[in-house]
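A.B. asks: Got a structure for you, questions after.
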Amino acid sequence: MADTVLYEVSDGLATITLNRPEAMNALNIETKVALREAVTAAGADSAVRAVLLTAAGDRAFCVGQDLKEHIGLLAEGSGQVMSTVREHYNPIARALTEMPKPVVAGVNGVAAGAGFGFALAADYRVVADSAAFNTSFAGVALTADSGISWTLPRVVGPGRAADLLLFPRSIKAQEAYELGIASRVVPASSLREEAEKVARALAEGPTVAYAAIKESLAYGASHSFAELLEKEDELQTKAGASEDHTIAVQAFVNKEKPKYLGR
């Protein structure tokens, strides 16, 4: 894995760090490949029970596509210019949203374009009070990618999503919280600490139940209420058969804090 993306697993938590602070963590090809590898590895590793996606530096979480590289590829007439959506952005967004474990985004600065999309693909966003979000796509005559056409309307509603995509602007942390984009806003100086605290709490939690919650939310977005009730029955049966459910019930009866195994 390239050093433009750092990957570490500790006590059930995989920490993925975008590591191009000098370029505001912009996504060049090397970084996109490394990020795709990292999120795929985290999703497939049974030892990983939660993921923290964050970035180096204090200016940017990720400003999206590296436009300097993009301009060069356009000038060359390279076929890689737009195939990056299929080859990189789509698999990254799917891996984040579909992995059977919670993903926390620690948004330390500007999240724009695909950077915004990847933050929205996470299940929970801890946001620095100095951070901001911007869809950016229409500003460079492009349409949405990185799954943001699906995630943004689910968070802010279809009308607001259309407004933010058609008229890109900077959404400061407090407004992001009011819109539901930020799950919580914390001082920039403690962003990494607070994001890791949230992610570690999830890594120590009932992993099977968290996976079921993610699946039921995604399923409910595109199915009827009757179909969702059937899915909830299926998922609740699975969660109820988990070791963690037994542990939780016994701990409740004994008035103890449960120590989950993630299975």
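Heads up: the sequence shown begins at 1450 in the working numbering, then just goes up one per residue.
Cβ atoms here follow ideal geometry from the backbone N, Cα and C, with glycine treated the same way.
Just to check my reading of the structure: Val-1454 and Thr-1466 have Cβ atoms closer than 8 Å, yes? What is that Cβ distance to the nearest angstrom?
C.D. replies: Going by Cβ atoms, the distance from Val-1454 to Thr-1466 rounds to 7 Å, so yes, they are a contact pair.
A.B. asks: Could you give the uninterrupted runs of the alpha helix (DSSP H) lying entirely in the segment 1475-1535, keeping only those of 4 residues or more?
C.D. replies: Entirely contained in the segment 1475-1535, the alpha helix (DSSP H) runs reaching 4 residues are, in chain order, 1478-1493, 1516-1525, 1529-1533.
A.B. asks: Measure the alpha-carbon distance for Ala-1690 versus Ala-1661 and round it to whole angstroms.
C.D. replies: Looking at the two C-alpha atoms, the distance is approximately 12 Å.
A.B. asks: Just reading off the alpha helix (DSSP H) that Leu-1677 is part of, what are its end residues?
C.D. replies: First-last of the alpha helix (DSSP H) with Leu-1677: 1674-1689.
A.B. asks: Per DSSP, Ser-1459 forms a beta bridge with which residues?
C.D. replies: DSSP, once it has assigned bridges, lists Leu-1462 as partnering Ser-1459.
A.B. asks: Can you name, in chain order, every residue of its own chain whose Cβ lies under 8 Å from the Cβ of Met-1473, other than the five neighbours on each side?
C.D. replies: Around Met-1473: Gly-1506, Arg-1508, Ala-1509, Cys-1511, Val-1512, Gly-1558, Val-1559.
A.B. asks: Whose C-alpha, out of Leu-1516, Val-1497, Ala-1463, is nearest the C-alpha of Ala-1475?
C.D. replies: Comparing Cα-Cα distances from Ala-1475 to each of Leu-1516, Val-1497, Ala-1463, the minimum goes to Leu-1516.
A.B. asks: Can you tell me which of the three DSSP states Lys-1621 falls into?
C.D. replies: Note: Lys-1621 maps to strand in three-state DSSP.
A.B. asks: From Asp-1572, Ala-1490, Ser-1671, pick the residue whose C-alpha is nearest to that of Ser-1632; which is it?
C.D. replies: Ranking the options by Cα distance to Ser-1632, first place goes to Asp-1572.
A.B. asks: Counting only runs of 3+ residues fully inside the segment 1528-1607, write out the beta strand (DSSP E) ranges in chain order.
C.D. replies: Runs of the beta strand (DSSP E) inside the segment 1528-1607: 1552-1556, 1559-1561, 1573-1577, 1581-1583.
A.B. asks: Please return the same chain residues whose Cβ sits closer than 7 Å to the Cβ of Glu-1692, not counting the five positions on each side in sequence.
C.D. replies: Taken in chain order, the residues that qualify are Leu-1710, Arg-1712.
A.B. asks: Alpha carbons only, please: which of Glu-1518, Glu-1681, Pro-1607, Glu-1705 is nearest the one belonging to Glu-1479?
C.D. replies: Out of Glu-1518, Glu-1681, Pro-1607, Glu-1705, Glu-1518 has the C-alpha closest to the C-alpha of Glu-1479.
A.B. asks: Between which residues of its own chain and Lys-1550 is the CB-CB distance below 7 Å, once the five residues before and five after are set aside?
C.D. replies: Excluding residues within five positions, the ones whose Cβ falls inside 7 Å are Val-1497, Arg-1498, Ala-1499, Val-1500, Thr-1656, Tyr-1659, Ala-1660.
A.B. asks: Helix, strand or coil for Arg-1712 per DSSP?
C.D. replies: Coil, per DSSP.
A.B. asks: Residues in the same chain with beta-carbon distance under 6 Å from Ser-1619, minus the five sequence neighbours each way, listed in chain order, please.
C.D. replies: Only Ala-1581, Asn-1583 meet the Cβ criterion.
A.B. asks: Tell me whether the beta-carbon of Leu-1628 lies closer than 7 Å to the beta-carbon of Val-1605.
C.D. replies: Closer than 7 Å, so yes.
A.B. asks: Drop a sphere of 10 angstroms on the beta-carbon of Glu-1705, count the other beta-carbons inside from all chains shown, and report buried for 16 or more, exposed for fewer.
C.D. replies: Exposed, because fewer than 16 other Cβ atoms sit within 10 Å of the Cβ of Glu-1705.
A.B. asks: Scan the segment 1608-1666 and note each continuous beta strand (DSSP E) run of 3 residues or more that stays entirely inside, going in chain order.
C.D. replies: The segment 1608-1666 contains these whole beta strand (DSSP E) runs: 1633-1635.
A.B. asks: Would you kindly check if the distance between the Cβ of Gly-1566 and the Cβ of Ser-1532 is under 7 Å?
C.D. replies: Contact: no.
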